[in-house]
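With full-length UniProt numbering as the guide, the letters of the sequence shown map in order to residues 1 to 266. In this text, a Cβ means the ideal position worked out from N, Cα and C, and glycines have one as well. These numbers were taken from a predicted model, which means no experiment stands behind them. Let me begin by presenting the structure, written as structure tokens, before commenting on it.
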Amino acid sequence: MEKTPLYPHSFAEAKRNNEQELYVLSHQANAQCKRAIENIIKDNYDGYSLGKDLAKPIIEEFGFDRVKFVLSNTVQHFDYDGRISRDNKAWAKETFVPPDIVGGFDRNIGLLVTSHIGLVDLFVNQYKREYEKLNLWDKSQVIPPKDIDFEGKVIVLKPEVLNEQYKMRDEQLFYAYGGFGCAPNKNDRKVMGEFLTDGEKTSFYRHDFLGEAKQELLPNWAKEKLAEKTKDRKPSVLQKLQDNKEQIKKEKSAPIKDVKQDKEER
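Structure representation (structure tokens):
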């Protein structure tokens, strides 16, 4: 069954972009997800312990992104509560939950999971274990995007950019071949390229990427494809400028040879 896409913006933003329908459908699905989490916790808590593998059916029904959004919204709201682990508080902050005031009412309040907060914390742990099974690329496995020219490199898409059926490690790999977004500090510009797996051409914004994939972590098939694509590739104008800057730095930092010594050597 096709899942309703998560709309990550507020109603005010949706109204500005004429996307109210997307917002409404997403908000309804968020509310359904919140109630499903409450019900599965209620039905699987015996007064002493919470049942195992409860996050899996909720993820299957609503998807990783929506479940994370609802849980993150809840944990962020109860950030002051000591019954939530520090790790889970830090995890929740990775997700941006925009302020969503409509008619003076905070609509994010209506998405809070109202189960005992200690049980919510345990449920978050179960969600994280399911997510880890995906073995997706993360920030520790890439070169940070700052100061990097993406052109001619394999870069890694953020997991939340991919639809649920494509949340796989190989599908995160993207070969960039152009676009203003390849240049550093151009987060609002597009990067042109193709998925390394099947060559499908498309574009994303620079801020949709984690960074450049570390070469040593690339699977062999990806290394082969990269080598094939870069075999006859000429360096970009930006890369030439960066190389020139490095050469000038080296020349400036080189020790100045003593004139007298130079004469003696000759």
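Less than 9 Å between the beta carbons of residue 301 and Ile41, yes or no?
Outside the modelled stretch of the chain, which goes from 1 to 266, sits residue 301, for which no answer is possible.
Taking the Cβ atom as the reference point for each residue, do Phe123 and Val154 lie within a distance shorter than 9 Å?
no
Ignore the nearest five residues each way along the sequence and tell me which others in residue 270's own chain have a CB closer than 7 Å to its CB.
This structure cannot settle anything about residue 270, because the visible part of the chain is limited to 1 through 266.
Tell me, please, which residues DSSP counts as bridged to Ala213.
Val142
Just to confirm, is the Cβ distance from Val97 to Ser72 under 9 Å?
yes
Report the rounded CA-to-CA distance for Gly110 versus Ala31, giving the unit in angstroms.
7 Å
Report the start-end ranges of each alpha helix (DSSP H) in the UniProt domain "DUF3849" (6-132) that is 4 residues or longer and not cut off at the edges.
If only uninterrupted alpha helix (DSSP H) runs of at least 4 residues are considered, those enclosed by the UniProt domain "DUF3849" (6-132) are 11-16, 20-43, 55-62, 64-77, 86-92, 117-132.
Hey, could you find the ends of the beta strand (DSSP E) Glu160 is sitting in?
No beta strand (DSSP E) holds Glu160; DSSP gives it neither H nor E.
Under the rule that 16 or more other beta-carbon atoms within 10 Å means buried, what is Trp221, buried or exposed?
exposed
Beta carbon of Val161 nearer than 9 Å to that of Glu212
Result no, Cβ atoms of Val161 and Glu212 do not sit closer than 9 Å.
DSSP three-state label for Ala176, please.
Strand.
Which term fits Ser115, buried or exposed, when burial requires 16 or more other beta carbons within 10 angstroms of its beta carbon?
buried
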